[in-house]
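**Q** Residue numbers (mature numbering (1 follows the signal peptide of the UniProt record, and there is no 0)): -23 to -1, 1 to 233. Quick reminder that beta carbons are idealized off the backbone N, C-alpha and C, glycines included. Predicted, not measured: the structure shown is a model, and the values here were computed from it.
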């Protein structure tokens, strides 16, 4: 074969193969798990009012602040470190967001962990069932759901530590469902948490489990209004949970 014929053959092969190669779609980049939804609006009566809206603090505010500082010490002695951390942050009056460990919240509160993972499974299944046509991966995100920290069946908190730290709070589930090569599905998801640490203006009393010590919501909230403490927001996201060979028609396995 002459050099010219060999050259022509190579050029012809490139002419045929290059369009074929360019027609092969590039692998789809993996989707990221969505972050937390937009902040839920404050509930009616939530919070005590504007920061420093009442001018100087009075003698009762000094008493309440000192009582809460002693309460922080009490919480720590009882091993309720999350309650101590949350209250201490309020008394520091920085107003900065406080980050919490959602994984620890679920570890300490098995009932919450079960509800959160059930929500993730429910949202993933609904996403699959509502999708028409072929797909390789899809993300999903729930709205906020309120977690009632009080166990009505036992007439006590699910977790005393987290109850005194957050009380009721909002949680959401978000994740990604993907098709496996050769069949089947994988699921990856996270649990997000949001709360506002504040006190309303009611006369409802709170003992915090401190025995005879009792303070009203209005008294504690007034520290925010006179500038001796400050309301803030609490946020957190769990680690990524993975379910290989995910079956939307079966309950999610316990998280690992």
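Would you identify the three-state DSSP class for residue 163, choosing helix, strand or coil?
**A** Of the three classes helix, strand and coil, the one that applies to residue 163 here is strand, per DSSP.
**Q** Does DSSP put residue 42 in a helix, a strand or coil?
**A** If DSSP states are grouped into helix, strand and coil, residue 42 belongs with the helices.
**Q** Does DSSP put residue 88 in a helix, in a strand, or in coil?
**A** The answer is helix: DSSP assigns residue 88 an H, G or I state.
**Q** For residue 192, list the residues DSSP reports as bridge partners.
**A** According to DSSP, residue 192 bridges with 183.
**Q** Taking DSSP as the reference, what is the three-state secondary structure of residue 81?
**A** Note: residue 81 maps to helix in three-state DSSP.
**Q** Please give the ranges of any alpha helix (DSSP H) in the segment 207 to 232, keeping only runs that are unbroken, at least 4 residues long and fully inside the region.
**A** You should have found no qualifying run.
**Q** Is there contact here, the segment 111 to 131 with the segment 9 to 18, by at least three beta-carbon pairs under 8 Å?
**A** Verdict: yes, contact present.
**Q** Which residues mark the beginning and the end of the alpha helix (DSSP H) in which residue 129 is found?
**A** Counting along the chain, residue 129 falls outside any alpha helix (DSSP H), and DSSP gives it neither H nor E.
**Q** So, is residue 33 buried or exposed, given that buried needs 16 or more other C-beta atoms within 10 angstroms?
**A** The residue in question, residue 33, is exposed, as its Cβ has fewer than 16 Cβ neighbours within 10 Å.
**Q** Let me know the secondary structure DSSP gives residue 107 once reduced to three states.
**A** Three-state result, residue 107: helix.
**Q** Out of 205, 144, 196 and 128, point me to the one whose CA is closest to residue 28's CA.
**A** Cα-wise, what sits closest to residue 28 is 205.
**Q** Going by DSSP, what residues sit across from residue 148 in a beta bridge?
**A** DSSP, once it has assigned bridges, lists 122 and 170 as partnering residue 148.
**Q** What does DSSP give as the partner residues of residue 117 in its beta bridges?
**A** DSSP output for residue 117 lists 152 as bridge partner(s).
**Q** Quick one: Cα of residue 105 to Cα of residue 85, how far?
**A** Distance between the alpha carbons of residue 105 and residue 85 is about 32 Å.
**Q** Where does residue 54 sit, in a helix, a strand or coil, going by DSSP?
**A** If DSSP states are grouped into helix, strand and coil, residue 54 belongs with the helices.
**Q** For residue 226, count neighbouring Cβ atoms within 10 angstroms of its own Cβ and tell me buried if that reaches 16, exposed if not.
**A** Exposed: under 16 other Cβ atoms inside 10 Å.
**Q** From the DSSP output, in three-state form, read off residue 75 for me.
**A** Strand at residue 75.
**Q** Going by the beta-carbon positions, is the gap between residue 170 and residue 212 smaller than 8 Å?
**A** Yes.
**Q** Determine contact between the segment 34 to 43 and the segment 172 to 187, defined as no fewer than three beta-carbon pairs at a distance below 8 Å.
**A** No contact exists between the segment 34 to 43 and the segment 172 to 187.
**Q** Could you tell me whether the segment 191 to 200 touches the segment 88 to 104, where touching means 3 or more Cβ pairs closer than 8 Å?
**A** The segment 191 to 200 vs the segment 88 to 104: no contact.
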